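Residue numbers (full-length UniProt numbering): 1 to 397.
Here a beta-carbon is modelled for each residue, glycine too, at the ideal position from N, C-alpha and C.
Every value quoted in this text rests on a predicted model; they were computed, and no experiment measured them.
Okay, so here's the structure we're looking at.
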(Lines of atoms letter the chains of each structure in order from A; the text may use other names.)
(Lines give C-alpha, C1' and ligand atoms only; values in the text may rest on other atoms or scores of the structure.)
Protein backbone atom coordinates (compact mmCIF):
# COMPACT_ATOMS: atom_id res chain seq x y z
CA UNK A 1 0.00 0.00 0.00
CA UNK A 2 1.28 3.45 -0.95
CA UNK A 3 2.03 5.77 1.95
CA UNK A 4 -0.69 8.08 0.60
CA UNK A 5 -3.24 5.39 -0.20
CA UNK A 6 -6.79 5.58 1.19
CA UNK A 7 -7.57 3.46 4.22
CA UNK A 8 -10.29 3.00 6.82
CA UNK A 9 -10.35 5.67 9.48
CA UNK A 10 -9.23 4.72 12.99
CA UNK A 11 -10.88 5.84 16.20
CA UNK A 12 -7.89 8.04 16.98
CA UNK A 13 -8.06 9.79 13.61
CA UNK A 14 -11.60 11.04 14.21
CA UNK A 15 -10.21 13.79 16.45
CA UNK A 16 -8.56 15.35 13.37
CA UNK A 17 -11.67 15.27 11.16
CA UNK A 18 -13.04 18.62 12.45
CA UNK A 19 -9.71 20.35 11.78
CA UNK A 20 -9.44 19.13 8.18
CA UNK A 21 -13.13 19.87 7.62
CA UNK A 22 -12.74 23.43 8.91
CA UNK A 23 -9.61 23.94 6.80
CA UNK A 24 -11.34 22.61 3.67
CA UNK A 25 -14.61 24.52 4.01
CA UNK A 26 -13.59 27.60 5.96
CA UNK A 27 -16.14 27.10 8.73
CA UNK A 28 -16.40 25.24 12.00
CA UNK A 29 -19.09 22.91 13.33
CA UNK A 30 -20.17 22.30 16.89
CA UNK A 31 -18.73 19.02 18.29
CA UNK A 32 -22.26 17.72 18.84
CA UNK A 33 -22.99 18.30 15.15
CA UNK A 34 -20.16 15.97 14.16
CA UNK A 35 -21.45 13.40 16.63
CA UNK A 36 -24.99 13.62 15.24
CA UNK A 37 -23.94 13.19 11.62
CA UNK A 38 -21.70 10.25 12.48
CA UNK A 39 -24.80 8.35 13.59
CA UNK A 40 -25.95 8.33 9.94
CA UNK A 41 -22.69 6.76 8.75
CA UNK A 42 -22.74 2.96 8.37
CA UNK A 43 -19.71 0.77 9.14
CA UNK A 44 -16.71 1.34 6.87
CA UNK A 45 -18.16 4.54 5.46
CA UNK A 46 -15.06 6.69 6.01
CA UNK A 47 -11.81 6.63 4.07
CA UNK A 48 -8.83 8.81 4.91
CA UNK A 49 -5.33 9.51 3.70
CA UNK A 50 -2.59 10.13 6.24
CA UNK A 51 0.93 11.44 5.84
CA UNK A 52 2.86 10.42 8.92
CA UNK A 53 0.59 11.44 11.79
CA UNK A 54 -1.30 14.05 9.76
CA UNK A 55 -4.76 13.58 8.28
CA UNK A 56 -4.45 15.00 4.74
CA UNK A 57 -7.50 13.56 2.99
CA UNK A 58 -10.96 12.37 3.96
CA UNK A 59 -14.23 11.24 2.36
CA UNK A 60 -17.26 9.83 4.15
CA UNK A 61 -20.74 8.72 3.23
CA UNK A 62 -24.15 8.69 4.88
CA UNK A 63 -26.78 5.97 4.59
CA UNK A 64 -29.77 7.78 3.10
CA UNK A 65 -33.17 7.09 1.60
CA UNK A 66 -33.99 9.24 -1.43
CA UNK A 67 -37.42 9.73 -3.03
CA UNK A 68 -37.64 9.48 -6.82
CA UNK A 69 -40.50 10.54 -9.15
CA UNK A 70 -43.56 8.46 -8.38
CA UNK A 71 -42.76 8.12 -4.67
CA UNK A 72 -40.42 5.13 -4.59
CA UNK A 73 -37.65 5.44 -2.00
CA UNK A 74 -34.18 4.14 -2.90
CA UNK A 75 -31.15 3.44 -0.71
CA UNK A 76 -28.62 6.16 -1.47
CA UNK A 77 -25.03 6.75 -0.42
CA UNK A 78 -24.64 10.45 0.40
CA UNK A 79 -21.03 11.61 0.18
CA UNK A 80 -20.02 14.23 2.74
CA UNK A 81 -17.04 15.94 4.44
CA UNK A 82 -14.75 15.45 1.47
CA UNK A 83 -11.49 17.32 1.72
CA UNK A 84 -7.83 17.25 0.74
CA UNK A 85 -5.31 19.32 2.69
CA UNK A 86 -3.99 22.31 0.72
CA UNK A 87 -0.51 20.91 1.35
CA UNK A 88 -1.34 17.73 -0.63
CA UNK A 89 -3.26 18.92 -3.68
CA UNK A 90 -2.68 17.53 -7.19
CA UNK A 91 -1.51 14.14 -5.99
CA UNK A 92 -4.59 12.11 -6.96
CA UNK A 93 -5.91 11.79 -3.42
CA UNK A 94 -9.51 12.71 -4.30
CA UNK A 95 -9.70 10.19 -7.13
CA UNK A 96 -8.15 7.49 -4.96
CA UNK A 97 -10.63 8.10 -2.13
CA UNK A 98 -13.56 8.24 -4.55
CA UNK A 99 -12.49 4.99 -6.19
CA UNK A 100 -12.41 3.29 -2.79
CA UNK A 101 -15.78 4.76 -1.71
CA UNK A 102 -17.57 3.83 -4.94
CA UNK A 103 -16.28 0.28 -4.74
CA UNK A 104 -17.95 0.14 -1.33
CA UNK A 105 -21.19 1.56 -2.74
CA UNK A 106 -21.24 -1.19 -5.36
CA UNK A 107 -20.45 -3.90 -2.81
CA UNK A 108 -23.29 -2.67 -0.59
CA UNK A 109 -25.82 -2.55 -3.42
CA UNK A 110 -26.59 1.17 -3.51
CA UNK A 111 -28.43 2.02 -6.76
CA UNK A 112 -27.74 5.75 -6.29
CA UNK A 113 -24.97 7.92 -4.91
CA UNK A 114 -25.47 11.59 -4.09
CA UNK A 115 -23.59 14.67 -2.97
CA UNK A 116 -23.88 18.43 -2.61
CA UNK A 117 -21.02 20.33 -4.20
CA UNK A 118 -19.07 23.35 -3.03
CA UNK A 119 -17.48 23.55 -6.51
CA UNK A 120 -19.42 22.80 -9.68
CA UNK A 121 -16.56 21.69 -11.94
CA UNK A 122 -15.27 18.68 -10.03
CA UNK A 123 -17.85 15.92 -9.89
CA UNK A 124 -18.95 15.42 -13.49
CA UNK A 125 -15.78 13.41 -14.08
CA UNK A 126 -17.00 10.98 -11.42
CA UNK A 127 -20.37 10.51 -13.13
CA UNK A 128 -22.38 12.97 -11.01
CA UNK A 129 -24.85 15.36 -12.58
CA UNK A 130 -26.77 18.23 -10.95
CA UNK A 131 -30.26 16.82 -10.37
CA UNK A 132 -32.09 19.64 -8.56
CA UNK A 133 -32.03 23.42 -8.85
CA UNK A 134 -31.94 25.74 -5.83
CA UNK A 135 -33.52 29.10 -6.67
CA UNK A 136 -33.12 31.96 -4.21
CA UNK A 137 -35.95 34.48 -4.10
CA UNK A 138 -35.87 37.87 -2.42
CA UNK A 139 -39.07 39.76 -1.60
CA UNK A 140 -39.44 43.38 -0.49
CA UNK A 141 -42.09 42.68 2.10
CA UNK A 142 -43.02 46.34 2.59
CA UNK A 143 -44.79 46.55 -0.76
CA UNK A 144 -46.15 43.01 -1.03
CA UNK A 145 -49.91 42.67 -1.33
CA UNK A 146 -51.74 39.43 -1.98
CA UNK A 147 -53.82 39.09 -5.12
CA UNK A 148 -57.56 39.16 -4.52
CA UNK A 149 -57.81 35.52 -5.66
CA UNK A 150 -55.05 34.28 -3.35
CA UNK A 151 -56.54 32.04 -0.65
CA UNK A 152 -56.24 32.83 3.04
CA UNK A 153 -56.51 29.46 4.80
CA UNK A 154 -54.96 30.52 8.12
CA UNK A 155 -53.94 27.89 10.63
CA UNK A 156 -50.38 29.11 11.30
CA UNK A 157 -49.00 29.15 14.84
CA UNK A 158 -45.86 30.75 16.26
CA UNK A 159 -43.99 28.06 18.23
CA UNK A 160 -40.67 27.23 19.82
CA UNK A 161 -39.29 24.66 17.37
CA UNK A 162 -37.43 22.62 19.98
CA UNK A 163 -40.75 21.87 21.67
CA UNK A 164 -42.33 20.59 18.44
CA UNK A 165 -39.67 18.31 17.01
CA UNK A 166 -41.96 15.35 16.45
CA UNK A 167 -44.58 17.48 14.66
CA UNK A 168 -41.95 19.08 12.43
CA UNK A 169 -40.40 15.70 11.67
CA UNK A 170 -43.78 14.16 10.79
CA UNK A 171 -44.60 17.00 8.40
CA UNK A 172 -41.16 16.81 6.81
CA UNK A 173 -41.51 13.04 6.39
CA UNK A 174 -44.81 13.48 4.53
CA UNK A 175 -43.19 16.12 2.37
CA UNK A 176 -40.04 14.20 1.49
CA UNK A 177 -41.96 11.03 0.58
CA UNK A 178 -43.86 12.98 -2.06
CA UNK A 179 -40.97 15.07 -3.39
CA UNK A 180 -38.27 13.83 -5.80
CA UNK A 181 -34.94 14.50 -4.10
CA UNK A 182 -36.44 14.23 -0.62
CA UNK A 183 -34.13 12.65 1.95
CA UNK A 184 -35.08 10.85 5.14
CA UNK A 185 -33.82 12.86 8.13
CA UNK A 186 -32.88 10.71 11.14
CA UNK A 187 -33.80 11.83 14.66
CA UNK A 188 -30.21 12.79 15.66
CA UNK A 189 -30.09 15.22 12.73
CA UNK A 190 -33.38 16.75 13.84
CA UNK A 191 -31.99 17.15 17.35
CA UNK A 192 -28.87 18.81 15.97
CA UNK A 193 -30.87 21.16 13.73
CA UNK A 194 -33.13 22.26 16.56
CA UNK A 195 -30.27 22.56 19.06
CA UNK A 196 -29.59 25.75 17.10
CA UNK A 197 -25.91 26.05 18.01
CA UNK A 198 -24.75 29.65 18.00
CA UNK A 199 -21.89 28.90 15.59
CA UNK A 200 -24.45 27.71 13.01
CA UNK A 201 -26.45 30.96 12.95
CA UNK A 202 -24.24 32.92 10.56
CA UNK A 203 -24.79 36.15 12.44
CA UNK A 204 -28.56 35.75 12.65
CA UNK A 205 -30.90 35.24 15.57
CA UNK A 206 -31.96 31.94 17.07
CA UNK A 207 -34.65 30.03 15.20
CA UNK A 208 -38.10 31.46 14.72
CA UNK A 209 -40.72 28.91 13.66
CA UNK A 210 -44.15 29.09 12.02
CA UNK A 211 -46.12 25.83 12.23
CA UNK A 212 -49.13 24.71 10.19
CA UNK A 213 -50.79 21.29 10.21
CA UNK A 214 -49.34 20.69 6.72
CA UNK A 215 -46.16 22.74 6.78
CA UNK A 216 -43.61 24.73 8.74
CA UNK A 217 -40.78 27.16 8.25
CA UNK A 218 -37.65 28.00 10.20
CA UNK A 219 -36.14 31.44 9.80
CA UNK A 220 -33.60 33.82 11.27
CA UNK A 221 -33.71 37.59 11.53
CA UNK A 222 -30.63 39.58 10.52
CA UNK A 223 -30.51 43.05 12.02
CA UNK A 224 -28.73 45.74 10.05
CA UNK A 225 -29.50 48.77 7.93
CA UNK A 226 -32.21 46.59 6.34
CA UNK A 227 -33.96 44.11 8.59
CA UNK A 228 -33.87 40.82 6.70
CA UNK A 229 -35.53 37.50 7.35
CA UNK A 230 -33.76 34.52 5.86
CA UNK A 231 -35.91 31.40 5.67
CA UNK A 232 -33.63 28.41 6.13
CA UNK A 233 -36.25 25.69 5.80
CA UNK A 234 -39.65 26.08 4.11
CA UNK A 235 -41.65 22.84 4.00
CA UNK A 236 -45.22 22.74 2.73
CA UNK A 237 -47.06 19.51 1.98
CA UNK A 238 -50.09 21.28 0.47
CA UNK A 239 -50.70 24.49 -1.52
CA UNK A 240 -52.83 25.72 1.39
CA UNK A 241 -49.91 25.40 3.78
CA UNK A 242 -47.64 27.17 1.29
CA UNK A 243 -49.83 30.27 1.03
CA UNK A 244 -50.66 30.27 4.76
CA UNK A 245 -46.98 30.32 5.68
CA UNK A 246 -46.28 33.10 3.19
CA UNK A 247 -49.13 35.17 4.62
CA UNK A 248 -47.56 34.80 8.05
CA UNK A 249 -44.13 35.84 6.75
CA UNK A 250 -45.46 38.88 4.92
CA UNK A 251 -47.24 39.86 8.12
CA UNK A 252 -43.88 40.61 9.81
CA UNK A 253 -44.37 44.38 9.75
CA UNK A 254 -40.91 45.41 10.97
CA UNK A 255 -39.09 43.35 8.33
CA UNK A 256 -37.96 44.82 5.01
CA UNK A 257 -36.66 41.85 3.03
CA UNK A 258 -37.45 38.13 3.02
CA UNK A 259 -35.11 35.66 1.32
CA UNK A 260 -35.85 32.00 0.76
CA UNK A 261 -34.35 29.16 -1.27
CA UNK A 262 -36.98 27.25 -3.22
CA UNK A 263 -37.29 25.77 -6.72
CA UNK A 264 -37.88 27.42 -10.13
CA UNK A 265 -41.58 26.50 -10.12
CA UNK A 266 -42.50 28.10 -6.79
CA UNK A 267 -45.95 29.76 -7.20
CA UNK A 268 -45.14 32.71 -4.91
CA UNK A 269 -45.14 35.37 -7.70
CA UNK A 270 -48.69 34.39 -8.69
CA UNK A 271 -49.95 34.99 -5.16
CA UNK A 272 -49.09 38.69 -5.28
CA UNK A 273 -50.58 41.73 -7.00
CA UNK A 274 -47.10 42.68 -8.20
CA UNK A 275 -45.08 39.57 -9.12
CA UNK A 276 -42.02 41.73 -9.86
CA UNK A 277 -41.49 42.07 -6.14
CA UNK A 278 -40.29 38.45 -6.14
CA UNK A 279 -36.75 38.77 -7.48
CA UNK A 280 -34.62 35.78 -8.38
CA UNK A 281 -31.34 36.56 -6.65
CA UNK A 282 -29.59 33.24 -7.16
CA UNK A 283 -29.81 29.90 -8.92
CA UNK A 284 -27.47 26.96 -8.53
CA UNK A 285 -27.31 23.22 -8.34
CA UNK A 286 -28.57 21.48 -5.21
CA UNK A 287 -28.41 17.68 -5.23
CA UNK A 288 -25.98 15.82 -7.51
CA UNK A 289 -26.69 12.21 -8.47
CA UNK A 290 -24.78 9.27 -9.88
CA UNK A 291 -26.63 6.14 -10.99
CA UNK A 292 -24.64 3.19 -9.63
CA UNK A 293 -27.11 0.64 -11.03
CA UNK A 294 -28.67 2.07 -14.20
CA UNK A 295 -31.37 -0.58 -14.80
CA UNK A 296 -32.49 -0.63 -11.17
CA UNK A 297 -32.58 3.14 -10.85
CA UNK A 298 -34.45 3.73 -14.11
CA UNK A 299 -37.01 1.03 -13.30
CA UNK A 300 -37.71 2.54 -9.87
CA UNK A 301 -39.18 5.89 -10.92
CA UNK A 302 -42.35 6.70 -12.84
CA UNK A 303 -42.49 8.52 -16.18
CA UNK A 304 -44.76 11.02 -17.91
CA UNK A 305 -44.79 9.58 -21.46
CA UNK A 306 -44.13 6.36 -23.36
CA UNK A 307 -40.91 5.75 -25.26
CA UNK A 308 -38.81 2.83 -26.51
CA UNK A 309 -35.16 3.60 -27.06
CA UNK A 310 -31.59 2.39 -26.59
CA UNK A 311 -29.15 4.50 -24.58
CA UNK A 312 -25.36 4.33 -24.75
CA UNK A 313 -24.26 5.55 -21.33
CA UNK A 314 -20.60 6.46 -20.92
CA UNK A 315 -18.85 6.16 -17.57
CA UNK A 316 -15.27 7.36 -17.57
CA UNK A 317 -14.83 6.67 -13.87
CA UNK A 318 -16.12 3.14 -13.34
CA UNK A 319 -17.82 0.47 -15.43
CA UNK A 320 -21.40 1.27 -14.44
CA UNK A 321 -22.34 2.55 -17.89
CA UNK A 322 -23.08 0.51 -20.99
CA UNK A 323 -25.80 0.11 -23.59
CA UNK A 324 -29.32 -0.20 -22.23
CA UNK A 325 -32.71 -0.85 -23.78
CA UNK A 326 -35.28 1.40 -22.12
CA UNK A 327 -38.97 0.67 -22.61
CA UNK A 328 -41.50 2.94 -20.90
CA UNK A 329 -45.21 2.12 -20.89
CA UNK A 330 -47.96 3.63 -18.75
CA UNK A 331 -45.49 5.35 -16.48
CA UNK A 332 -43.30 2.33 -15.71
CA UNK A 333 -39.95 1.40 -17.21
CA UNK A 334 -38.10 -1.77 -18.05
CA UNK A 335 -34.37 -1.36 -18.54
CA UNK A 336 -31.77 -4.00 -19.39
CA UNK A 337 -28.37 -4.26 -21.09
CA UNK A 338 -28.58 -4.83 -24.84
CA UNK A 339 -26.45 -5.27 -27.95
CA UNK A 340 -28.95 -3.37 -30.13
CA UNK A 341 -27.73 -0.19 -31.85
CA UNK A 342 -27.88 2.87 -29.62
CA UNK A 343 -30.30 5.66 -30.48
CA UNK A 344 -28.86 8.18 -28.02
CA UNK A 345 -25.43 8.58 -26.44
CA UNK A 346 -24.89 10.41 -23.17
CA UNK A 347 -22.57 10.28 -20.20
CA UNK A 348 -23.60 9.04 -16.79
CA UNK A 349 -23.59 12.53 -15.29
CA UNK A 350 -26.20 13.61 -17.86
CA UNK A 351 -28.40 10.68 -16.91
CA UNK A 352 -28.07 11.83 -13.29
CA UNK A 353 -29.28 15.29 -14.30
CA UNK A 354 -32.30 13.81 -16.10
CA UNK A 355 -33.21 11.36 -13.38
CA UNK A 356 -35.40 13.48 -11.08
CA UNK A 357 -37.00 15.49 -13.88
CA UNK A 358 -35.44 18.86 -13.05
CA UNK A 359 -33.52 19.14 -16.33
CA UNK A 360 -34.64 18.86 -19.94
CA UNK A 361 -33.37 16.23 -22.36
CA UNK A 362 -34.08 18.66 -25.20
CA UNK A 363 -31.87 21.36 -23.66
CA UNK A 364 -29.12 18.89 -22.88
CA UNK A 365 -29.28 17.70 -26.50
CA UNK A 366 -29.01 21.30 -27.70
CA UNK A 367 -25.72 21.48 -25.78
CA UNK A 368 -24.59 18.16 -27.37
CA UNK A 369 -24.69 16.45 -23.98
CA UNK A 370 -27.21 14.00 -25.46
CA UNK A 371 -26.35 12.90 -28.98
CA UNK A 372 -28.89 11.42 -31.41
CA UNK A 373 -30.47 12.40 -34.70
CA UNK A 374 -34.13 11.43 -34.22
CA UNK A 375 -35.91 14.59 -33.06
CA UNK A 376 -39.22 12.81 -32.59
CA UNK A 377 -37.64 10.28 -30.28
CA UNK A 378 -35.81 13.05 -28.43
CA UNK A 379 -39.14 14.78 -27.80
CA UNK A 380 -40.54 11.52 -26.41
CA UNK A 381 -37.49 11.05 -24.18
CA UNK A 382 -37.78 14.63 -22.97
CA UNK A 383 -41.48 14.20 -22.15
CA UNK A 384 -40.93 10.86 -20.43
CA UNK A 385 -38.39 12.11 -17.88
CA UNK A 386 -40.46 15.07 -16.71
CA UNK A 387 -41.93 15.04 -13.22
CA UNK A 388 -45.23 16.59 -12.16
CA UNK A 389 -43.72 17.27 -8.73
CA UNK A 390 -40.70 19.62 -8.80
CA UNK A 391 -37.52 17.98 -7.57
CA UNK A 392 -35.91 19.51 -4.49
CA UNK A 393 -32.94 18.70 -2.33
CA UNK A 394 -34.25 17.51 1.04
CA UNK A 395 -31.43 19.16 2.99
CA UNK A 396 -27.77 19.93 2.47
CA UNK A 397 -25.21 17.43 3.64
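Bridge partners of residue 75 according to DSSP: 65. Under DSSP, residue 215 forms a beta bridge with 212 and 236.
Cβ neighbours of residue 277 within its own chain (closer than 7 Å, five residues either side excluded): 139, 140, 143 and 144. Here the alpha carbon of residue 315 sits roughly 8 Å from the alpha carbon of residue 349. Residue burial is scored here from C-beta neighbours: residue 210 has at least 16 other C-beta atoms within 10 angstroms and is therefore classed as buried. Straight across, the Cα-Cα distance linking residue 157 with residue 325 is about 52 Å. Rounded to whole angstroms, the separation of the alpha carbons of residue 319 and residue 292 is 9 Å.
As summarised for the UniProt domain "N-acetyltransferase" (7–151), the continuous beta strand (DSSP E) elements at least 3 residues long and confined to that stretch are 46–51, 54–67, 73–84, 112–115 and 133–140, given in chain order.
Nearest to residue 287 by alpha-carbon distance, out of 32, 332 and 131, is 131. Using a Cβ distance threshold of 8 Å, residue 88 and residue 57 count as a contacting pair. Per DSSP, residue 160 lies in no alpha helix (DSSP H) and is assigned neither H nor E. At the C-beta level, residue 259 and residue 231 come within 8 Å of one another. With fewer than 16 other Cβ atoms inside 10 Å of its own Cβ, residue 198 counts as exposed. In the DSSP annotation of this structure, the continuous segment of the beta strand (DSSP E) that includes residue 283 starts and ends at 278–285. Collapsing the DSSP output to three states places residue 337 in a strand. When the five nearest sequence neighbours on each side are left out, the beta carbons in the same chain lying within less than 6 Å of the beta carbon of residue 275 are those of 269, in order along the chain. For residue 353, there is no enclosing beta strand (DSSP E); the residue is found in the alpha helix (DSSP H) stretching over 348–355. With a cut-off of 8 Å on Cβ pairs, the stretch 296–311 is in contact with the stretch 365–385, counting three or more such pairs. When C-alpha distances from residue 257 are compared across 226, 282 and 283, the shortest belongs to 226.
Within a 10 Å sphere around the beta-carbon of residue 160 sit fewer than 16 other beta-carbons, which makes this residue exposed. Under the 8 Å Cβ criterion, the stretch 89–108 counts as touching the stretch 58–74, having at least three qualifying pairs.
Non-local beta-carbon contacts of residue 395 in its own chain, meaning distances under 7 Å to residues more than five positions away in sequence, involve 183 and 185 in chain order. The three-state secondary structure of residue 392, taken from DSSP, is coil. In this chain, residue 376 is not harboured by any beta strand (DSSP E); it is covered by the alpha helix (DSSP H) spanning 375–384. Classified as exposed, residue 12 has fewer than 16 neighbouring CB atoms from the shown chains inside 10 Å of its CB.
DSSP lists 115 and 130 as the bridge partner or partners of residue 288. Apart from the 5 residues on each side of it in sequence, residue 264 sits with its Cβ closer than 8 Å to the Cβ of 133, 135, 283 and 390 in its chain, given in chain order. Scanning the stretch 180–214 for uninterrupted alpha helix (DSSP H) segments of 4 residues or longer gives 187–195, listed from N- to C-terminal end. Here the alpha carbons of residue 372 and residue 191 stand approximately 49 Å from one another. At the C-beta level, residue 77 and residue 123 stay beyond 8 Å of one another. In the assembly as shown, residue 344 is a buried residue. Its beta-carbon has 16 or more other beta-carbons within 10 Å. Apart from sequence neighbours up to five positions away, the residues of its chain that approach residue 84 with a beta-carbon distance below 6 Å are 57, 93 and 94, ordered along the chain.
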